[in-house]
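Visitor:
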Amino acid sequence: MPKISIIVFSEKIDKIFPAVTLATTASVMGWEAELFFTFWGLLALRKGYEVKEVSSDYKGFEENLRRAISSGAIPSWREVLEQGKKTGRLKVYACSTTMGLLGIKEEDLIEGVDEVVGAATFLSKAKDSDINFFIS
Amino acid sequence: MRADLIVDARYKSCPGPLLALAEAVMRANPGQVIMLLATDPGAPTDIKEWASNVGHKVLEVEKIDDTYQIYVEVST
């Protein structure tokens, strides 16, 4: 089966949403999918953290996005992620360096994180991927 | 065309229709036909791509006003 690996660098909703959408869509297509949350992207995996802002360049569209989510036109990124996780083919990795940098402990992470890993582990997983993205 | 199940994903954007269909397929029995209702213009091609990847069959796509009726047969 094909495999996609995506590095999620930002916790802004306009970055998280496409990353998670691609990974979940891949997993429901029968592919393997991996998401590696690093730096600011890792904030989104912290319990209680609400992803609600868009990138500063696109602030003007924040209300559109919020409306689309609250009306149900687009699902929340967490719902999308959960559906991907249900397939058993979507893995979520948290960057160990960022955990230390931001003072985040394993117990602070939301359910659905498979493993805390470093760069070498992620790279060795990503090298077998057919598609690799870095979304920043 | 006859359908055993209807999944209404109208006014949902990508990936909503596909995820709604994929969830329904997991609960359906082989051989059943699901009719997906979608208004997302990307849905017909998306569903065909998905089906060809996972082995289900798109039997028919009909467009009535803004709504696509996509008939999918669940593979055995």
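Same order as they appear, the protein sequences are chains B and X. Just so you know, the working numbering puts 211 at position 30 of the first sequence, and the rest follows in order with no gaps. Just so you know, the working numbering puts 68 at position 56 of the second sequence, and the rest follows in order with no gaps. For each residue, glycine too, the CB sits at the ideal point set by N, CA and C. What you are looking at is a predicted structure, and each value in this text was computed from that prediction instead of being measured.
Would you please verify whether the beta carbon of X/K69 is less than 8 angstroms from any beta carbon of chain B?
Guide: no
Visitor: Check the Cβ-Cβ distances between X/V66 and every residue of chain B, and say whether any is below 8 angstroms.
Guide: yes
Visitor: Does the distance from the CB of X/Y80 to the CB of X/A40 come in under 8 angstroms?
Guide: no
Visitor: Could one say the Cβ of B/V189 lies closer than 8 angstroms to chain X's Cβ atoms, at least one of them?
Guide: no
Visitor: Within the continuous alpha helix (DSSP H) that includes B/K266, where are the two ends?
Guide: W258 to K267
Visitor: Which runs of the alpha helix (DSSP H), 4 residues or longer, sit entirely within the segment 281-314 of chain B?
Guide: 300-307
Visitor: What number of angstroms, rounded off, separates the C-alpha of B/S164 from the C-alpha of X/K75?
Guide: Residue 164 of chain B is absent from the model: chain B starts at 182 and stops at 317.
Visitor: Nearest to B/R227 by CA position, among B/P183, B/R248 and B/E192, is which residue?
Guide: For B/R227, the closest alpha carbon among the candidates B/P183, B/R248 and B/E192 is that of B/E192.
Visitor: What whole-angstrom Cβ distance do B/I366 and B/I312 have, given they're in contact under 8 angstroms?
Guide: Since the first residue shown for chain B is 182 and the last is 317, residue 366 of chain B is missing from the structure and cannot be characterised.
Visitor: Answer with yes or no whether the minimum CB distance from X/G54 to chain B is below 8 angstroms.
Guide: no
Visitor: With hydrogens ignored, establish whether the beta-carbon of B/P199 is closer than 7 angstroms to any heavy atom of the ligand SAM.
Guide: For the structure depicted, the ligand SAM is absent and the ligand set is empty, with no information on it obtainable.
Visitor: Using a threshold of 8 angstroms, state whether the C-beta atoms of B/S310 and B/T268 are closer than that.
Guide: no
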